[in-house]
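K.L.:
Input: one structure, supplied below.
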Amino acid sequence: ATDLAVRGGADDDDDDDDDDAEDDALAAVPAPPVTPSRKCSELRHASTPDTSSLSERTEEEEDPGSDDDDDDDGSSAAPVNQWQREEEVEEARRQERESAEREKKALRSHVDELEAEVHKLRREAEGIRSAGRTLAEAAEDVVAQSSSSPHSPVVAARPSSPPSSSSSSPVAERATLASLASRLSALQTSHKESESEHLSSIASLRLRLDDRSDEASKLQSRVKELEAQAAVAEKERRGALREAEDARRDADLGREGDRARIRYLESALRDYGGRSPASVVPTSPRNPPPPSTPSPRRAAAGSSGLAWASPPGGMRTPRSAGPGLSASPLRAGRPPPPPPRPPSPRPPPPPPRQSAPPSEPNGGDDVAATPSSRDEAGGHGEAKHLRDEMTRLAAALESSEGHRAAILEAVRRERAENATRFGQMRDVLRVMGGEQGEGADGSGGGGGVVGRGGAGASPSVR
1 ATDLAVRGGA DDDDDDDDDD AEDDALAAVP APPVTPSRKC SELRHASTPD TSSLSERTEE
61 EEDPGSDDDD DDDGSSAAPV NQWQREEEVE EARRQERESA EREKKALRSH VDELEAEVHK
121 LRREAEGIRS AGRTLAEAAE DVVAQSSSSP HSPVVAARPS SPPSSSSSSP VAERATLASL
181 ASRLSALQTS HKESESEHLS SIASLRLRLD DRSDEASKLQ SRVKELEAQA AVAEKERRGA
241 LREAEDARRD ADLGREGDRA RIRYLESALR DYGGRSPASV VPTSPRNPPP PSTPSPRRAA
301 AGSSGLAWAS PPGGMRTPRS AGPGLSASPL RAGRPPPPPP RPPSPRPPPP PPRQSAPPSE
361 PNGGDDVAAT PSSRDEAGGH GEAKHLRDEM TRLAAALESS EGHRAAILEA VRRERAENAT
421 RFGQMRDVLR VMGGEQGEGA DGSGGGGGVV GRGGAGASPS VR
């Protein structure tokens, strides 16, 4: 009876010791890490770029441009303001590209941190698995030892000695091993879930990084295309201005040449009027006085057939130049034809011989009248020739003025087309900026698109 009582007390002590050992083993198992999902969500929120301020800055940079367009439609400094606005837009694009690059770098750093954390969690899981395997092997050894060796009577002989692990009951050991196995499986499940969550977050971040890279490449290609179009338009504008300057110089030279020819003809007329002899032919019933010849200035003022007395061609409208001049020679890609040059003045033809009529036998009167009539006929022929030359010069001057008016009309049309093209390019740049702002803001950022009815709707000629 005494032995049974001692053994029963020893069994109770062994049960208490087994409970304490189980609690110590559970407390010794490392707790799972706290950072998996919470840290991933914090990193995701931290890596999300704040594009609202960027879109607001783009709108603030573009809205003053539209107001300036409305205010500067009639000013002469409009092209300078336009180029300044284009430079500001280019600066905004460059800042956006730099911010996108910085965001990509931040996303790459976050992805690297998450990958490092995943590797760390994998190493911890491997350590937990190895610890579980070690505990399972130790438990198997304990179970095998307890099943092979029966209880020795030494324990009953010395009840005051502390119980050993070999004297614990097999049921308590099995319960401890089962609890440890369940705890290990729970830890493995939690680690697998956190690892899958980390992998999914890394995949989503990589997708976002690829999308941002595609958007940045598209934006860069679009900016390059617009820069090429602007360079081509600027080259065409400079070529048109150069052609207009050449045409203006040619027209000025033609006018100067025509004026010089007219002055030469006027001086020739004045010289002819100064050296014309007086009427020295004696008057007689058979030889009447020759008709009085007016002075060259009176003849030039009284002749209604001179074309240079009509309004000059420069005062006419460009439409009156004829249907053939309405088409601009600048559009065909070849230089305009030079204005027609008047023919060089030729010497007057010799006057016809004046023979005496056969019915008049007075030879003295014929001899006296022959030199004066010859001079008078020669003077009339020279005056007629000079008037013809002046008429041709006036016609040539009128044609050159019409040609100049046609060239000026072509230059005006070219300037209007260039202004329209620059306005369209400015609208395209603004629409691109608005679309990019809308894409960055998502569904709630619809205020980034700039309407085309403001400054770009009426590109006036400046």
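As numbered in this note's numbering, residues 1 to 462 make up the sequence shown, in order.
Even for Gly, the Cβ is constructed at its ideal location relative to N, Cα and C.
Source: prediction; values computed, not measured.
Distance check for I262 and D471, CA to CA, integer angstroms please.
P.N.:
Residue 471 lies beyond the range of the chain shown here (1 to 462); nothing can be said about it.
K.L.:
Quick test of your reading: M390 and L265, contact by CB under 8 Å. State the CB separation rounded to the nearest angstrom.
P.N.:
Position 390 of the sequence shown, counted from the first residue, corresponds to residue 390. Position 265 of the sequence shown, counted from the first residue, corresponds to residue 265. Their Cβ separation, rounded to whole angstroms, is 6 Å, which keeps M390 and L265 in contact under 8 Å.
K.L.:
DSSP on P311, reduced to helix/strand/coil?
P.N.:
Translated into positions along the sequence shown, residue 311 becomes position 311. Confidence at P311 is low in this model, with a pLDDT of 41, below 50, so its placement is unreliable and the value that follows should be read with caution. Reduced to three states, the DSSP call for P311 is coil.
K.L.:
Cα separation between S196 and V431?
P.N.:
Here residue 196 refers to the residue found at position 196 of the sequence shown. Here residue 431 refers to the residue found at position 431 of the sequence shown. Going from the Cα of S196 to the Cα of V431 covers about 42 Å.
K.L.:
From L180 to L114, what does the alpha carbon distance come to, in whole angstroms?
P.N.:
As a working note, residue 180 is residue 180 in the sequence shown. As a working note, residue 114 is residue 114 in the sequence shown. One C-alpha to the other measures close to 30 Å.
K.L.:
For E215 versus A100, is the C-beta spacing smaller than 9 Å?
P.N.:
Taking the first residue of the sequence shown as 1, we reach residue 215 at position 215. Taking the first residue of the sequence shown as 1, we reach residue 100 at position 100. For E215 and A100, yes; Cβs fall inside 9 Å.
K.L.:
When we look at the beta-carbon of G254 and count the other beta-carbons within 10 Å, is it buried (16 or more) or exposed?
P.N.:
Along the sequence shown, read from residue 1 onward, the residue named residue 254 stands at position 254. With 16 or more Cβ atoms within 10 Å of its Cβ, G254 is classed as buried.
K.L.:
Determine the closest residue to L187 out of D141, S213, G127, with distance taken between C-alpha atoms.
P.N.:
Translated into the one-based positions of the sequence shown, residue 187 becomes position 187. The residue with the shortest Cα to Cα distance from L187 is G127.
K.L.:
Is it right to say Q145 is buried, meaning 16 or more other beta carbons lie within 10 angstroms of its own, or is it exposed?
P.N.:
As a first step, residue 145 is located in the sequence shown; it is residue number 145 there, counting from the start. In this structure Q145 is exposed. Its beta-carbon is surrounded by fewer than 16 other beta-carbon atoms within 10 angstroms.
K.L.:
Please go through the same chain and pick out, in chain order, the residues whose beta-carbon is closer than 7 Å to the beta-carbon of A230, but skip the five residues on each side of it.
P.N.:
In the sequence shown, counting from the first residue as 1, residue 230 sits at position 230. Contacts found: M425.
K.L.:
Please classify Q220: is it buried, with 16 or more other beta-carbons within 10 angstroms of its beta-carbon, or exposed?
P.N.:
Here residue 220 corresponds to residue number 220 of the sequence shown, with the count starting at 1. Exposed, since its Cβ has fewer than 16 Cβ neighbours within 10 Å.
K.L.:
Could you round the C-beta distance between E103 and R212 to whole angstroms and report it? I think they count as a contact, below 8 Å.
P.N.:
Counting from one through the sequence shown, the residue named residue 103 turns up at place 103. Counting from one through the sequence shown, the residue named residue 212 turns up at place 212. Correct: roughly 7 Å between the Cβ atoms.
K.L.:
For A405 versus D258, is the C-beta distance shorter than 9 Å?
P.N.:
Counting from 1 along the sequence shown, the entry for residue 405 is found at position 405. Counting from 1 along the sequence shown, the entry for residue 258 is found at position 258. Against a cut-off of 9 Å, the Cβ pair of D258 and A405 comes out as no contact.
K.L.:
Would you call the CB atoms of V223 and E90 closer than 9 Å?
P.N.:
Taking the sequence shown and counting its residues from 1, the one referred to as residue 223 is at position 223. Taking the sequence shown and counting its residues from 1, the one referred to as residue 90 is at position 90. Result yes, Cβ atoms of V223 and E90 sit closer than 9 Å.
K.L.:
Less than 9 Å between the C-beta atoms of I407 and R242, yes or no?
P.N.:
Counting from 1 along the sequence shown, the entry for residue 407 is found at position 407. Counting from 1 along the sequence shown, the entry for residue 242 is found at position 242. Annotated as distal: I407 and R242, with beta-carbon spacing of 9 Å or more.
K.L.:
Is the beta carbon of I202 less than 9 Å from the beta carbon of V111?
P.N.:
The sequence position of residue 202 within the sequence shown is 202, counting from 1. The sequence position of residue 111 within the sequence shown is 111, counting from 1. Yes, the pair counts as a contact, with Cβ atoms nearer than the cut-off.
K.L.:
Note down the Cα distance separating P311 from Q84, rounded to an integer number of angstroms.
P.N.:
The sequence position of residue 311 within the sequence shown is 311, counting from 1. The sequence position of residue 84 within the sequence shown is 84, counting from 1. Unreliable placement is indicated for P311, whose pLDDT of 41 sits below 50; no coordinate value is reported for it.
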